[in-house]
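Structure, as structure tokens:
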Amino acid sequence: MHLTTRPTALIRAATRSRYYAATETPEKVPLALIKELRSMTNVSLKDAREALLQSRYDVRLALNYVRHNAIKVGKKKAEMLKDRTAAEGVIGLCMLSGGWAGGIDWGVRAGIVELNCETDFVARNADFHDLARKIAESAGFYWDHTPRDQRSRHGLESTEASHWHRNRVFDSTKQFISTFPTDELLKAPLVNILDAPGATRVQSAIWEATAKFGEKIHLRRAATLLHPPPRSSDRGLRVGSYAHGGKQFELGETGQVVSLVVVQMRSKALPSKANDEKFIGDLNQLCTSLARQVVGYQTTDVGDRSDLVKGVPDSAKLYDQPFAMLTPEPTKDSVNRVLINWAEERGIGAIEGDSDDGLSILDFVTWTVGEGIEKEEQDFAGEVKKMANKYAL
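When you read off a place in the sequence shown, starting at 1, and then add 33, the result is the number in this note's numbering.
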């Protein structure tokens, strides 16, 4: 006689199997390690536990696991979001060398970038601002560029390119401020000089941010301010910077509007100012005022020096404008007249008709977030109505 298994026996066996599978004790991960990893990454409990399991409880390896996973997710999401408009964001600025200070002049070096996102919510996020600052730092650190046709201008010494973009020269409409192609910058390592150069590329960092914020993150433009120090001790370069509507960092800053102004000093008396703290403080204040001036006025170019005393309020030329942003006290005198008086009062003015002595403005740049981007009109009432109709009974 053929015996068959009773259905009830099969059910009991399946139940026992499910019971034993469900009651298998999962591998425990120390809560202290989970807490430490989450404090560094803000990942979920589940993801933190999985990362630590995969790395056998090594927090450093777990951190790499989390980062690589975020980059992978962000890359896929970026492809999905590529056709969306990113008109919000922030300008990142990092000044690596501001030029002459107390007789020491390392030349000028700075990076500036515009990093866009889709919403103002993300644009206000501190981590987003920090990413923009780090990318600006990378731009300033890696782009070693002295235009060949500018090397002897103003008596400034040339230098050999020595960093990531060795001996590469791109077209520039500015004397000191050069465009850094974004496709090149995306390939560069993301630098944080306060710590150490990391292995993460700029592109990977942006993908990681895409995964974190869930929005399109776009590096729209980048530029570098770079020039070696003057070859003569009677000359010096100093850069003024200004950022409005952003955040300050130990190295660098961010803003909705950012500007840089390059100022040259020329005087045989300049070496004597090396230890003059008041002179150095006044110089920094003046350069910052000039950077604020180009933001406050619709400034298109430096202009030519003239005998103009009072400024022209609607002038787009920096030298001709009334110095309304001068600290500590604004004036109706033209920027040019203020620079002449400032130099003479501090003993570095023109002597015996040498018009090249004193202070002169060599270059400037000002950027505003989203300028030139056509923003999409959002019909919030229409979106709400559409969702209501979708879920209507």
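Don't be surprised by glycine CBs; every beta carbon is placed ideally from N, CA and C. Here the structure is a predicted model, which means the values were calculated and not measured.
Query: Of the residues 73, 398, 93 and 367, the one placed nearest residue 333, counting alpha carbons only; Result: 398
Query: Rounded distance between the beta-carbons of residue 234 and residue 149, thought under 8 Å; Result: The pair is not a contact, with the Cβ atoms about 19 Å apart (cut-off 8 Å).
Query: Residue 236 beta carbon less than 8 Å from that of residue 220; Result: yes
Query: Inter-residue CB distance, residue 365 and residue 350 (contact presumed, cutoff 8 Å); Result: Contact flag wrong, Cβ pair sits at about 16 Å.
Query: Minimum length 4: unbroken alpha helix (DSSP H) runs contained in the region 218–296; Result: 235–246
Query: Exposure label - residue 98; buried when at least 16 CB within 10 Å; Result: buried
Query: Selection from 69, 124 and 70 that minimises the alpha carbon distance to residue 427; Result: The question about residue 427 has no answer here: the residues shown for the chain are numbered 34 through 426.
Query: Contact belief for residue 270 with residue 138 at Cβ below 8 Å, rounded distance in angstroms; Result: 7 Å
Query: Own chain, CB closer than 8 Å to residue 188, minus 5 neighbours either side, in chain order; Result: Its pLDDT being 33, under 50, residue 188 is placed unreliably in this model, and the value from its coordinates should be taken loosely. Only 263, 264, 265 and 268 meet the Cβ criterion.
Query: Where residue 63 falls: helix, strand or coil (DSSP); Result: coil
Query: Contacts around residue 108, its chain only, beta-carbon distance under 7 Å, and the 5 residues preceding and following it disregarded; Result: 240
Query: C-beta atoms of residue 401 and residue 289 nearer than 8 Å; Result: yes
Query: Residue environment, residue 154, which counts as buried when at least 16 other CB atoms sit within 10 Å; Result: exposed
Query: Residues that DSSP places opposite residue 148 in a beta bridge; Result: 123 and 252
Query: Close beta carbons around residue 127, own chain, < 7 Å, minus the five adjacent residues each side; Result: 143, 144, 166, 169, 170, 173, 284 and 285
Query: Cross-strand partners of residue 355 (DSSP beta bridge); Result: 367
Query: Residue 174: first and last residue of the uninterrupted alpha helix (DSSP H) it sits in; Result: 159–175
Query: Local conformation of residue 193 per DSSP, three classes; Result: Below a pLDDT of 50, predicted positions are generally treated as unreliable, and residue 193, at 30, falls in that range; the measurement from the model is reported next regardless. Three-state DSSP puts residue 193 in coil, outside helix and strand.
Query: Rounded straight-line distance, which links the Cα of residue 335 to that of residue 200; Result: Reliability of the predicted coordinates at residue 200 is poor, the pLDDT of 31 falling under 50, and no value is obtained from them.
Query: Residue 243 versus residue 110 - alpha carbon distance; Result: 7 Å
Query: Backbone CA spacing between residue 75 and residue 160 [nearest angstrom]; Result: 12 Å
Query: Closest residue to residue 274 among 318, 211 and 346 (Cα-Cα distance); Result: 318
Query: Identity of the residue in 352, 63, 84 and 260 nearest residue 326 by Cα; Result: 352
Query: Test item: CB-CB of residue 406 and residue 391 under 8 Å; Result: no
Query: For residue 113, the nearest candidate out of 247, 73, 158 and 135 (CA to CA); Result: 247
Query: Sheet register partners of residue 139 (DSSP bridge); Result: DSSP output for residue 139 lists no bridge partner at all.
Query: Helix, strand or coil at residue 117 according to DSSP, with G and I counted as helix; Result: coil
Query: Residue nearest to residue 337 in terms of C-alpha spacing, selected from 368, 361 and 358; Result: 368
Query: Boundaries of the alpha helix (DSSP H) in which residue 328 is found, first to last residue; Result: 310–329
Query: Per-residue burial, residue 147 [other beta carbons within 10 Å of its own, 16 or more giving buried]; Result: buried
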